[in-house]
Amino acid sequence: SDHMENICGYLMKYTNLVTGWQYRYFVLNNDAGLLEYFVNEQSRHLKPRGTLQLAGAVISPSDEDSHTFTVNAASGEQYKLRATDAKERQHWVSRLQICTQHHTEAIGKNNPPLKSRSFSLASQGSANSPGVQRRPSQNAISFFSVGHHRLPTGKRVPIMQPDHLVDVREMMSQAEGQQRDLIRSIECLPASGHLTSLDQDLLMLKATSMATMNCLNDCFHILQLQHASQQKGSLPAGTTISWLEPKISLANHFKNGAAQNFPAEINKPASVREEQSIAEPCQLTREPEEINPDEELEDICDDKEDDLGAVEEQRSVILHLLSQLKLGMDLTRVVLPTFILEKRSLLEMYADFMSHPDLFVAITAGSSAEERMIRFVEYYLTSFHEGRKGAIAKKPYNPIIGETFHCSWRMPKSNVATGAGTNSSAPSPSEQVTLPKDLEGQAEPDYYTVKFVAEQVSHHPPVSGFYAECVERKICVNAHVWTKSKFLGMSIGVTMVGEGVLHLLEHGEEYTFSLPCAYARSILTVPWVELGGKVNINCAKTGYSASINFHTKPFYGGKLHRVTGEVKQNMTNTVVCRVQGEWNSVLEFTYSNGETKYVDLTKLSVTRKRVRPLEKQGPFESRRLWQHVTESLRDGDIDKATEHKRALEERQRNEERLRAETETPWCTKYFLKDGDGWVYHKPLWKTVSATQTQQTDSN
15 SDHMENICGY
25 LMKYTNLVTG
35 WQYRYFVLNN
45 DAGLLEYFVN
55 EQSRHLKPRG
65 TLQLAGAVIS
75 PSDEDSHTFT
85 VNAASGEQYK
95 LRATDAKERQ
105 HWVSRLQICT
115 QHHTEAIGKN
125 NPPLKSRSFS
135 LASQGSANSP
145 GVQRRPSQNA
155 ISFFSVGHHR
165 LPTGKRVPIM
175 QPDHLVDVRE
185 MMSQAEGQQR
195 DLIRSIECLP
205 ASGHLTSLDQ
215 DLLMLKATSM
225 ATMNCLNDCF
235 HILQLQHASQ
245 QKGSLPAGTT
255 ISWLEPKISL
265 ANHFKNGAAQ
275 NFPAEINKPA
285 SVREEQSIAE
295 PCQLTREPEE
305 INPDEELEDI
315 CDDKEDDLGA
325 VEEQRSVILH
335 LLSQLKLGMD
345 LTRVVLPTFI
355 LEKRSLLEMY
365 ADFMSHPDLF
375 VAITAGSSAE
385 ERMIRFVEYY
395 LTSFHEGRKG
405 AIAKKPYNPI
415 IGETFHCSWR
425 MPKSNVATGA
435 GTNSSAPSPS
445 EQVTLPKDLE
455 GQAEPDYYTV
465 KFVAEQVSHH
475 PPVSGFYAEC
485 VERKICVNAH
495 VWTKSKFLGM
505 SIGVTMVGEG
515 VLHLLEHGEE
525 YTFSLPCAYA
535 RSILTVPWVE
545 LGGKVNINCA
555 KTGYSASINF
565 HTKPFYGGKL
575 HRVTGEVKQN
585 MTNTVVCRVQ
595 GEWNSVLEFT
605 YSNGETKYVD
615 LTKLSVTRKR
625 VRPLEKQGPF
635 ESRRLWQHVT
645 ESLRDGDIDK
655 ATEHKRALEE
665 RQRNEERLRA
675 ETETPWCTKY
685 FLKDGDGWVY
695 HKPLWKTVSA
705 TQTQQTDSN
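Residue numbers in the sequence shown follow the numbering used here, run continuously in steps of one, and reach 713 at the last position.
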């Protein structure tokens, strides 16, 4: 065929978060059904750098622009490619699709459908020897009997009616029960011997059966949505659609060697029923609540994260999870095992980045624009160490939409560094702050207060907004972060999409900044956290900027947690400060005058945050919301923690479906949408501006 032509040429290929896009020379081999690529055209006679089998592949033009497309092989491998223009993309996509269809049909002709049969799954050979070819045992008794059934030929499937949906649900319930029995049978096998619960084929069977049931649940949910949309016009007012229960959670099968119980609603602990029955958040008051810092008490909770215990005990769980993941897969909707959770919400983790509030409020005391930028860089780099709880990579709770976290810090004014000619306890006239009316007449405290509030403003995508301010020093920071996590093989990468803005109102300066990527490495042994990527800090008014690189460790040699950066004046392109070291150890700052300063992060004093007691917190404040999960984790009861966590997640899904059904938009409490970002509803820059306007009018 004229269309079955071999084509070749340069395309851009996305490699990873660090390397990004790279030009590679691609060759479409129609005869072999292969897509190969080389470093360049000159190396075409060498072994290709990569090869994809196109039989069974899916070729998809991307929605993000008119140049990008993906090739998803049946093996799970994916190439993300970019042509020079839309015309070239169409040329590649059409030729790849023709080749894919040809070789897929050829496989179908050469491999007719299997008849209904049973097969033995038990395997021989060591599960720990990747070089051993695995095959079904010819002598072992048939372990599982799996039937393959075909629909009767010549019959069309009728349109689903409500009673048919009930029948399908009944059949699916039976299948789910059989699948649970299968999982129990595998997990009840001995941990050692000829056939164990850690057998690689059995782990793969667990994963594929789980994936199949999840896929069927998703398909059935689509049928429910379709049926609901068809019937919506005839539903009486106030009718609520009965939705499908959430799809099977991995947590149902995490504990190896023990049968899982699936108790009825009446047997659930009262705390779980309470978590599931909390009213729809939008029906609660969504009016912003003013938190009085005097109600907050110094935090006595010290949940230093322990290690993960004997990793071997959890290996089957981790392998089970990994067997369902593909490289580059988005982990946003993947249910992760409870034992890897930290005992805090992601919103509280953002607050822990503020554990050096003295460095934060000292930024505005810099005597020059150069000094203020350097102080901000110093504060920025010291924030990540305390934000991590221990060296082990654990994951904070995913915040529920509408969840909030409040806290504050107090630090003596004498502890805050000042700039030349600045007295922290007696601000100059230009630094005087007009106190709110409710504070007028009160004695000025001898400490500064930094207040913090965070809110989960979106669920899909998961976006958090957080805001902190020190009224006395006229400094505040507003940020929004969208966490995107991906599976990278033996590690997990988390991209922090978003932007923060630091406002120094006393100087009329705004500093925009971004956040580095985070990686959980060695997830099959002892996982640890690494930061990577380049971040920028810019102040448009002063012309100063900072470029900071978080270096990931090379495969061979190199140091862990290395960071380098420089601060420069953009107009003159002059570097005024360089920094190097480790973001969790010692940082070295070298200034333009030749002076050097060392900051040992392990010896920096940490100011404990102040938090309201649980009994004074609202039902959607982080610590009260997750209290039963946290208590269970402290007690080491993973099963109970999983049950409480699942109850919260089920409630969130049910509320989301109800909002979709009633077309009710989500209403946030503290943050307002502003373009692509989120802004605190009552930021300090608006308060100060309004106060100054009133003073001008009165004069």
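By construction, the Cβ of each residue, glycine as well, lies at the ideal position given by its N, Cα and C atoms.
Within 10 angstroms of the Cβ of residue 619, are there 16 or more other Cβ atoms? Answer buried if so, exposed if not.
exposed
Taking the alpha-carbon positions, what's the residue 603 to residue 559 distance?
16 angstroms
Out of 309, 597, 355, 360, which has the shortest C-alpha to C-alpha gap to residue 626?
309
For my contact list, residue 551 and residue 394 are in at a C-beta cut-off of 8 angstroms; report their separation, rounded to the angstrom.
7 angstroms
Using a Cβ distance threshold of 8 angstroms, determine whether the segment 461 to 470 contacts the segment 503 to 517, with at least three qualifying pairs required.
No, they do not touch.
Contacting residues, own chain, Cβ-Cβ under 7 angstroms from residue 693 (five flanking each side not counted)
492, 685, 686
Quick one, which of 474, 585, 598 has its alpha-carbon nearest residue 577's?
598
Would DSSP call residue 220 helix, strand or coil?
helix
By alpha-carbon positions, which one of 227, 397, 474 ends up nearest to residue 186?
Residue 227 is the option with its Cα nearest to residue 186.
Where does residue 74 sit, in a helix, a strand or coil, going by DSSP?
strand
Which complete alpha helix (DSSP H) runs does the segment 669 to 701 hold, if anything under 4 residues is left out?
Counting only runs of 4 or more, we get nothing.
Three-state secondary structure assigned by DSSP to residue 586:
Residue 586: coil per DSSP, three-state reduction.
Any idea if residue 459 is buried or exposed, counting beta-carbon neighbours within 10 angstroms, 16 or more meaning buried?
exposed
Straight-line Cα distance separating residue 658 from residue 255:
A caution first: residue 255 carries a pLDDT of 35, below 50, which makes its placement in the model too unreliable to give a value.
Suppose the cutoff is 7 angstroms on Cβ atoms and the five residues either side in sequence are ignored; what does the same chain contact list for residue 23 look like?
40
Classification of residue 736 by the beta-carbon crowding that lies within 10 angstroms, buried from 16 upward
An answer regarding residue 736 cannot be provided, because it is not within the stretch 15 to 713 covered by the chain.
Is it right to say residue 573 is buried, meaning 16 or more other beta carbons lie within 10 angstroms of its own, or is it exposed?
exposed
By alpha-carbon positions, which one of 523, 234, 207, 193 ends up nearest to residue 182?
234
Classification of residue 47 by the beta-carbon crowding that lies within 10 angstroms, buried from 16 upward:
Buried, because 16 or more other Cβ atoms sit within 10 Å of the Cβ of residue 47.
Could you have a look at residue 375 and say whether DSSP puts it in helix, strand or coil?
helix
Between the Cα of residue 529 and the Cα atoms of 496, 615, 701, 51, which residue gives the shortest distance?
Closest by alpha carbon: 496.
Beta-ladder partner(s) of residue 480, from DSSP
Paired residues: 468, 493.
Could you please give me the residues that DSSP links to residue 532 through a beta bridge?
508, 545
Using the three-state DSSP reduction, which class does residue 57 fall into: helix, strand or coil?
helix
Residue range of the unbroken beta strand (DSSP E) whose run includes residue 420:
418 to 426
Residues of its chain near residue 695, where Cβ-Cβ distance is below 8 angstroms and the 5 sequence neighbours each way are ignored
Answer for residue 695: 302, 684, 685, 686, listed in chain order.
Integer Cβ distance of residue 424 from residue 461, believed to fall under 8 angstroms:
5 angstroms
Is it buried or exposed for residue 483, if we count other Cβ within 10 angstroms and need 16 for buried?
buried
Which of the three DSSP states is assigned to residue 112 in this structure?
Three-state DSSP puts residue 112 in a helix.
Considering Cα atoms alone, identify which of 359, 229, 197, 231 is closest to residue 215.
Of the candidates 359, 229, 197, 231, the one whose C-alpha sits nearest the C-alpha of residue 215 is 197.
How would you call residue 201, buried or exposed, if buried means at least 16 neighbouring beta carbons within 10 angstroms?
Under this definition residue 201 is a buried residue.
Relative to the alpha-carbon of residue 605, which residue among 64, 536, 591 has its alpha-carbon at the smallest distance?
591
Would you identify the three-state DSSP class for residue 560, choosing helix, strand or coil?
strand
Bridge partner(s) assigned by DSSP for residue 600:
Per DSSP, 614.
DSSP state of residue 621, grouped into three classes?
Under the three-state reduction of DSSP output, residue 621 falls in the coil class, being neither helix nor strand.
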